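Worksheet: the structure to be examined is printed underneath.
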Amino acid sequence: MSGLEQPLWPAHAGDAVQADAVVGVALMKPLVLICSQDAEFYLFLSHILEVDGFTSEPAGGAKEALARADEREFQAVVLDCGPASITGSAICARLKREPRTGSLPIIALIAPGAENQHLDLLKAGIDESFVRPIAPAKLLDCLRAKLALTKRGSNGFENGGWLSCGKLEMKLDAHRVRGNGHEIHLGPIEFNLLRLLLEAPGKVFTRDELIGAAWPANIHVGVRTVDVHMSRLRKALKEASPGIAIRTVRSAGYSLEELDG
(Lines of atoms letter the chains of each structure in order from A and count residues from 1; the text may use other names and numbers.)
(Lines give C-alpha, C1' and ligand atoms only; values in the text may rest on other atoms or scores of the structure.)
Protein backbone atom coordinates (compact mmCIF):
# COMPACT_ATOMS: atom_id res chain seq x y z
CA MET A 1 0.00 0.00 0.00
CA SER A 2 1.00 3.61 -0.39
CA GLY A 3 1.50 4.53 3.24
CA LEU A 4 -0.54 7.67 2.83
CA GLU A 5 -3.53 8.06 5.13
CA GLN A 6 -6.23 6.69 2.87
CA PRO A 7 -9.50 8.54 2.27
CA LEU A 8 -12.59 7.17 3.95
CA TRP A 9 -14.14 6.16 0.63
CA PRO A 10 -11.84 4.82 -2.12
CA ALA A 11 -12.79 5.02 -5.78
CA HIS A 12 -15.37 2.49 -6.99
CA ALA A 13 -15.11 0.69 -10.30
CA GLY A 14 -18.77 1.43 -11.01
CA ASP A 15 -17.96 5.15 -11.06
CA ALA A 16 -15.43 4.85 -13.89
CA VAL A 17 -15.39 7.71 -16.35
CA GLN A 18 -17.40 7.09 -19.50
CA ALA A 19 -16.86 8.96 -22.74
CA ASP A 20 -19.87 10.48 -24.45
CA ALA A 21 -20.64 10.96 -28.13
CA VAL A 22 -20.94 14.70 -27.59
CA VAL A 23 -17.48 16.11 -26.97
CA GLY A 24 -16.85 18.62 -24.19
CA VAL A 25 -13.70 20.70 -23.63
CA ALA A 26 -11.84 19.95 -20.40
CA LEU A 27 -9.89 22.63 -18.55
CA MET A 28 -6.12 22.26 -18.23
CA LYS A 29 -4.88 20.60 -15.05
CA PRO A 30 -1.32 20.47 -13.64
CA LEU A 31 0.30 17.25 -14.89
CA VAL A 32 2.34 15.23 -12.38
CA LEU A 33 4.71 12.37 -13.21
CA ILE A 34 4.52 9.56 -10.63
CA CYS A 35 7.62 7.35 -10.63
CA SER A 36 6.72 4.03 -9.04
CA GLN A 37 6.91 0.32 -9.80
CA ASP A 38 3.92 -0.29 -7.52
CA ALA A 39 0.71 -0.17 -9.58
CA GLU A 40 -1.44 0.00 -6.45
CA PHE A 41 0.52 2.99 -5.19
CA TYR A 42 0.14 4.77 -8.50
CA LEU A 43 -3.63 4.18 -8.68
CA PHE A 44 -4.14 5.39 -5.13
CA LEU A 45 -1.95 8.47 -5.48
CA SER A 46 -3.37 9.38 -8.89
CA HIS A 47 -6.87 9.36 -7.36
CA ILE A 48 -5.73 11.68 -4.55
CA LEU A 49 -4.24 14.09 -7.10
CA GLU A 50 -7.26 13.92 -9.40
CA VAL A 51 -9.66 14.89 -6.62
CA ASP A 52 -7.59 18.01 -5.97
CA GLY A 53 -7.51 19.14 -9.59
CA PHE A 54 -4.29 17.51 -10.84
CA THR A 55 -3.79 14.80 -13.42
CA SER A 56 -0.95 12.26 -13.57
CA GLU A 57 0.98 9.71 -15.59
CA PRO A 58 3.14 6.76 -14.38
CA ALA A 59 6.78 5.89 -14.99
CA GLY A 60 8.62 2.83 -13.70
CA GLY A 61 12.22 4.05 -13.81
CA ALA A 62 14.61 6.81 -14.88
CA LYS A 63 14.64 5.80 -18.57
CA GLU A 64 10.85 5.75 -18.79
CA ALA A 65 10.56 9.00 -16.80
CA LEU A 66 12.90 10.82 -19.19
CA ALA A 67 11.09 9.37 -22.20
CA ARG A 68 7.74 10.59 -20.88
CA ALA A 69 9.21 14.00 -20.08
CA ASP A 70 10.28 14.28 -23.72
CA GLU A 71 6.69 13.67 -24.79
CA ARG A 72 4.73 15.70 -22.24
CA GLU A 73 5.02 18.96 -20.30
CA PHE A 74 4.99 17.91 -16.64
CA GLN A 75 4.70 20.40 -13.81
CA ALA A 76 6.06 18.17 -11.00
CA VAL A 77 7.41 14.70 -10.20
CA VAL A 78 6.56 12.42 -7.25
CA LEU A 79 9.01 9.58 -6.45
CA ASP A 80 7.99 6.39 -4.67
CA CYS A 81 11.02 5.39 -2.56
CA GLY A 82 10.62 1.94 -0.99
CA PRO A 83 13.05 0.18 1.39
CA ALA A 84 14.14 -2.31 -1.27
CA SER A 85 14.61 0.33 -3.96
CA ILE A 86 17.68 2.48 -4.60
CA THR A 87 16.36 4.04 -7.80
CA GLY A 88 14.74 7.12 -6.26
CA SER A 89 17.92 9.17 -6.03
CA ALA A 90 19.06 7.90 -9.44
CA ILE A 91 15.81 9.04 -11.07
CA CYS A 92 16.04 12.40 -9.31
CA ALA A 93 19.66 12.92 -10.41
CA ARG A 94 18.87 12.03 -14.04
CA LEU A 95 15.87 14.37 -14.16
CA LYS A 96 17.80 17.23 -12.55
CA ARG A 97 20.66 16.86 -15.07
CA GLU A 98 18.42 17.20 -18.11
CA PRO A 99 17.66 20.78 -19.26
CA ARG A 100 14.06 19.89 -20.04
CA THR A 101 13.34 18.51 -16.56
CA GLY A 102 15.99 20.15 -14.38
CA SER A 103 13.62 22.81 -13.03
CA LEU A 104 10.75 20.42 -12.23
CA PRO A 105 9.87 20.22 -8.51
CA ILE A 106 10.58 16.64 -7.37
CA ILE A 107 8.97 15.27 -4.21
CA ALA A 108 10.01 11.97 -2.63
CA LEU A 109 7.64 9.80 -0.58
CA ILE A 110 9.92 7.57 1.50
CA ALA A 111 8.54 4.33 2.89
CA PRO A 112 9.23 3.38 6.54
CA GLY A 113 12.52 1.54 6.65
CA ALA A 114 14.00 3.53 3.79
CA GLU A 115 14.89 6.67 5.77
CA ASN A 116 18.57 6.14 4.89
CA GLN A 117 17.72 7.36 1.38
CA HIS A 118 17.37 10.95 2.63
CA LEU A 119 21.02 11.85 2.14
CA ASP A 120 21.26 10.35 -1.36
CA LEU A 121 18.07 12.17 -2.37
CA LEU A 122 19.45 15.47 -1.07
CA LYS A 123 22.68 14.95 -3.02
CA ALA A 124 20.60 14.22 -6.12
CA GLY A 125 18.79 17.55 -5.78
CA ILE A 126 15.41 16.52 -4.34
CA ASP A 127 13.15 19.50 -3.64
CA GLU A 128 11.12 17.94 -0.82
CA SER A 129 10.81 14.57 0.89
CA PHE A 130 8.34 13.01 3.31
CA VAL A 131 8.43 9.78 5.26
CA ARG A 132 5.15 7.92 4.90
CA PRO A 133 2.51 7.85 6.19
CA ILE A 134 1.54 11.47 5.58
CA ALA A 135 -1.87 13.05 5.20
CA PRO A 136 -2.85 13.54 1.53
CA ALA A 137 -3.55 17.22 2.25
CA LYS A 138 0.10 17.72 3.26
CA LEU A 139 1.36 16.37 -0.06
CA LEU A 140 -1.20 18.41 -1.99
CA ASP A 141 -0.30 21.59 -0.12
CA CYS A 142 3.37 20.95 -0.92
CA LEU A 143 2.63 20.51 -4.62
CA ARG A 144 0.54 23.66 -4.72
CA ALA A 145 3.26 25.63 -2.92
CA LYS A 146 5.98 24.37 -5.29
CA LEU A 147 3.84 25.25 -8.32
CA ALA A 148 2.69 28.58 -6.84
CA LEU A 149 -0.94 27.47 -7.07
CA THR A 150 -3.56 28.90 -4.76
CA LYS A 151 -5.25 26.54 -2.35
CA ARG A 152 -8.68 25.54 -3.51
CA GLY A 153 -11.68 26.80 -1.61
CA SER A 154 -12.83 30.31 -2.47
CA ASN A 155 -15.41 30.29 0.32
CA GLY A 156 -12.64 30.69 2.88
CA PHE A 157 -11.61 27.10 3.60
CA GLU A 158 -8.26 25.49 2.83
CA ASN A 159 -7.28 21.92 2.02
CA GLY A 160 -7.84 19.74 5.06
CA GLY A 161 -10.72 21.92 6.31
CA TRP A 162 -14.45 21.90 5.80
CA LEU A 163 -16.35 23.41 2.89
CA SER A 164 -19.92 24.21 3.79
CA CYS A 165 -23.22 25.65 2.62
CA GLY A 166 -25.98 25.73 5.20
CA LYS A 167 -26.03 22.32 6.90
CA LEU A 168 -24.16 20.66 4.04
CA GLU A 169 -20.48 20.08 4.88
CA MET A 170 -17.52 18.48 3.09
CA LYS A 171 -14.28 17.36 4.77
CA LEU A 172 -11.69 17.62 2.01
CA ASP A 173 -8.81 15.44 3.19
CA ALA A 174 -11.09 12.69 4.53
CA HIS A 175 -13.46 12.70 1.52
CA ARG A 176 -16.49 12.97 3.80
CA VAL A 177 -19.78 14.73 3.11
CA ARG A 178 -22.45 15.38 5.71
CA GLY A 179 -25.97 16.79 5.39
CA ASN A 180 -27.80 17.77 8.59
CA GLY A 181 -25.21 15.70 10.47
CA HIS A 182 -25.77 12.55 8.39
CA GLU A 183 -23.14 11.00 6.13
CA ILE A 184 -23.71 11.28 2.37
CA HIS A 185 -21.86 8.63 0.34
CA LEU A 186 -20.82 9.87 -3.11
CA GLY A 187 -18.81 8.40 -5.95
CA PRO A 188 -15.58 10.25 -6.94
CA ILE A 189 -17.19 12.14 -9.85
CA GLU A 190 -20.11 13.39 -7.74
CA PHE A 191 -17.66 14.28 -4.93
CA ASN A 192 -15.57 16.38 -7.30
CA LEU A 193 -18.65 18.10 -8.74
CA LEU A 194 -19.97 18.95 -5.28
CA ARG A 195 -16.57 20.22 -4.19
CA LEU A 196 -16.51 22.76 -7.00
CA LEU A 197 -20.06 23.90 -6.25
CA LEU A 198 -19.26 24.23 -2.53
CA GLU A 199 -16.23 26.38 -3.23
CA ALA A 200 -18.51 29.17 -4.45
CA PRO A 201 -22.16 28.68 -3.40
CA GLY A 202 -24.53 30.63 -5.62
CA LYS A 203 -22.08 30.85 -8.52
CA VAL A 204 -23.24 29.33 -11.79
CA PHE A 205 -20.62 26.92 -13.12
CA THR A 206 -20.63 26.03 -16.81
CA ARG A 207 -20.54 22.40 -17.86
CA ASP A 208 -16.99 22.90 -19.15
CA GLU A 209 -15.93 24.11 -15.68
CA LEU A 210 -17.61 21.10 -14.10
CA ILE A 211 -15.88 18.77 -16.55
CA GLY A 212 -12.52 20.33 -15.75
CA ALA A 213 -13.03 19.83 -12.02
CA ALA A 214 -14.41 16.28 -12.04
CA TRP A 215 -12.87 14.36 -14.96
CA PRO A 216 -9.27 13.68 -16.09
CA ALA A 217 -7.99 16.14 -18.67
CA ASN A 218 -7.51 13.50 -21.38
CA ILE A 219 -11.12 12.27 -21.24
CA HIS A 220 -13.77 13.69 -23.57
CA VAL A 221 -17.01 14.23 -21.68
CA GLY A 222 -20.28 15.35 -23.22
CA VAL A 223 -23.13 17.46 -21.94
CA ARG A 224 -25.40 14.47 -21.31
CA THR A 225 -22.77 12.77 -19.12
CA VAL A 226 -22.48 15.88 -16.95
CA ASP A 227 -26.26 16.09 -16.61
CA VAL A 228 -26.50 12.42 -15.55
CA HIS A 229 -23.94 12.86 -12.77
CA MET A 230 -25.52 16.13 -11.64
CA SER A 231 -28.87 14.32 -11.43
CA ARG A 232 -27.31 11.65 -9.19
CA LEU A 233 -25.77 14.35 -6.99
CA ARG A 234 -29.05 16.27 -6.80
CA LYS A 235 -30.88 13.11 -5.70
CA ALA A 236 -28.32 12.36 -2.98
CA LEU A 237 -28.55 15.89 -1.59
CA LYS A 238 -32.35 15.96 -1.72
CA GLU A 239 -32.56 12.81 0.40
CA ALA A 240 -29.96 13.77 3.02
CA SER A 241 -29.84 17.57 2.95
CA PRO A 242 -33.20 18.98 1.81
CA GLY A 243 -32.22 22.54 2.71
CA ILE A 244 -29.71 22.63 -0.16
CA ALA A 245 -30.59 22.55 -3.85
CA ILE A 246 -28.71 22.35 -7.13
CA ARG A 247 -30.22 24.86 -9.52
CA THR A 248 -30.13 24.35 -13.27
CA VAL A 249 -29.63 27.56 -15.21
CA ARG A 250 -30.75 27.09 -18.80
CA SER A 251 -27.94 27.46 -21.35
CA ALA A 252 -25.54 28.38 -18.53
CA GLY A 253 -24.88 25.55 -16.06
CA TYR A 254 -25.48 24.69 -12.42
CA SER A 255 -25.23 26.37 -9.03
CA LEU A 256 -25.56 25.28 -5.40
CA GLU A 257 -28.00 27.27 -3.27
CA GLU A 258 -29.40 27.23 0.24
CA LEU A 259 -33.20 27.20 0.25
CA ASP A 260 -35.11 29.79 2.25
CA GLY A 261 -36.78 28.63 5.44
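Sequence positions in the sequence shown follow the working numbering and run 432 to 692. We treat Cβ as the ideally placed atom computed from N, Cα and C, and that holds for glycine. Please read all numbers here as calculations on a predicted model, not as lab measurements.
- Every beta strand (DSSP E) of 3 residues or more that sits fully in the segment 480 to 537 is shown, in chain order, as 486 to 490, 507 to 512.
- In the structure shown, Ala-576 falls within a helical segment according to DSSP collapsed to helix, strand and coil.
- Beta bridge pairing from DSSP links Lys-602 with Trp-593, Arg-607.
- With a beta-carbon spacing of about 5 Å, Ala-539 and Leu-510 fall inside the 8 Å limit used to define contacts.
- Residue burial annotation: Glu-614 is exposed, with fewer than 16 other C-beta atoms found within 10 angstroms of its C-beta.
- Look at Leu-464 here: in three-state DSSP terms it is strand.
- At least 7 Å separates the beta-carbon of Val-463 from that of Leu-474.
- Look at Val-652 here: in three-state DSSP terms it is coil, with no helix or strand label.
- Spatial neighbours of Ala-676 in its own chain (CB-CB distance under 6 Å, excluding positions within 5 residues in sequence) are listed in chain order as Glu-688, Leu-690.
- The segment 548 to 559 and the segment 483 to 503 do not touch, with fewer than 3 CB-CB distances between them shorter than 8 Å.
- If you draw a straight line from the Cα of Ala-507 to the Cα of Pro-536, it comes to about 5 Å.
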